[in-house]
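Inspection log for the structure reproduced underneath, given as structure tokens.
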Amino acid sequence: MTDAIKLVLFDMDNVLCQYDRAKRVAHLAELAGSTSEFVHAAIWESGFEALGDCGALDAADYLRGFGERLGYPLSLDEWVEARRRSMRANEAMLEIAASLRETVDIAVLTNNTTLVADHIDTLLPELRPLFGSRIYASARFKTAKPDPRCYRLCLSELQVAPETALFIDDLAQNCAGAKEAGLLAHHHTTPEALREALMKYGLLEAP
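No gaps in the numbering here: position 65 of the sequence shown is 60 in the numbering used here, and each next residue is one more.
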């Protein structure tokens, strides 16, 4: 089984980077002259953000709708900056990804609007040298994790069979969706636990 893995597919937020939504929300609230509670309710509790993740809204409609919900004409640059402030690269995880790419392909699949993938060089510039063009937002596939179709469509783009892919995510339900789609899956907790799992798969050597 270990020899069969050709691709390791990573989630992004709280896997490859630490994502602090509260910091993002606070910055948006400051821009809009509002409160964090209002912003969180308008974007996340309302289900609006989920519409962006699954591609029900294209990038332009998403950005326009985002501003309308805030009651503030949010620009693309402002949206990107708020997202950027909430993200910090997880160096230990990036080291693991760098080690893996010596023997297998690696890619990213994140539940997000296409704006995240389009502006990843500003948001998290550490990813491009490792993953190249293989950084996918779920909205590209008009669905989102944990829908099995999301993983299958991503793997189809990568021309990789599900049974030869290992998926890594911090959310158990997303790992369950990956398994339903035919992938192997690892529920991420710490870099140390991931290293142990990858050694068992034969993808990393013991230190």
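For every residue, glycine included, the Cβ atom is placed at its ideal position computed from N, Cα and C.
Residue i: buried (16+ other C-beta within 10 angstroms of its C-beta) or exposed?
i      : result
Pro124 : exposed
Leu74  : According to the sequence shown, residue 74 is Trp rather than Leu. With 16 or more Cβ atoms within 10 Å of its Cβ, Trp74 is classed as buried.
Ser151 : exposed
Glu44  : buried
Gly50  : buried
Ala167 : exposed
Asp72  : exposed
Ala188 : exposed
Asp164 : buried
Pro157 : buried
What residues are listed by DSSP as bridge partners for residue i?
i      : result
Leu254 : Nothing can be reported for residue 254: it is not among the residues displayed for the chain, which extend from -4 to 202.
Val3   : Ile101 and Leu161
Met286 : In the structure as shown, the chain starts at -4 and stops at 202, and residue 286 therefore has no counterpart that could be examined.
Leu179 : Leu161
Asp8   : Cys12
Cβ of residue i within 7 angstroms of Cβ of residue j?
i      : j      : result
Phe136 : Val103 : no
Pro186 : Met82  : no
Asp142 : Leu2   : no
Thr108 : Gly62  : no
Leu161 : Leu179 : yes
Leu119 : Cys12  : yes
Practice problem: Evaluate contact between the region 17 to 37 and the region 183 to 200, counting only Cβ atoms and requiring at least three cross-stretch pairs below 8 angstroms. | Solution: no
Self-check item: At least three beta-carbon pairs within less than 8 angstroms, the region 24 to 35 to the region 121 to 135
Solution: no
Exercise. Inspect the CB distances between the region 175 to 187 and the region 62 to 82 and report whether three or more fall short of 8 angstroms.
Key: no
Quiz item: Three or more C-beta pairs closer than 8 angstroms, one from the region 52 to 61 and one from the region 80 to 93: is that the case here?
Solution: no
Quiz item: Would the region 60 to 67 and the region 2 to 16 be scored as touching if the rule is three or more Cβ pairs under 8 angstroms?
Solution: no
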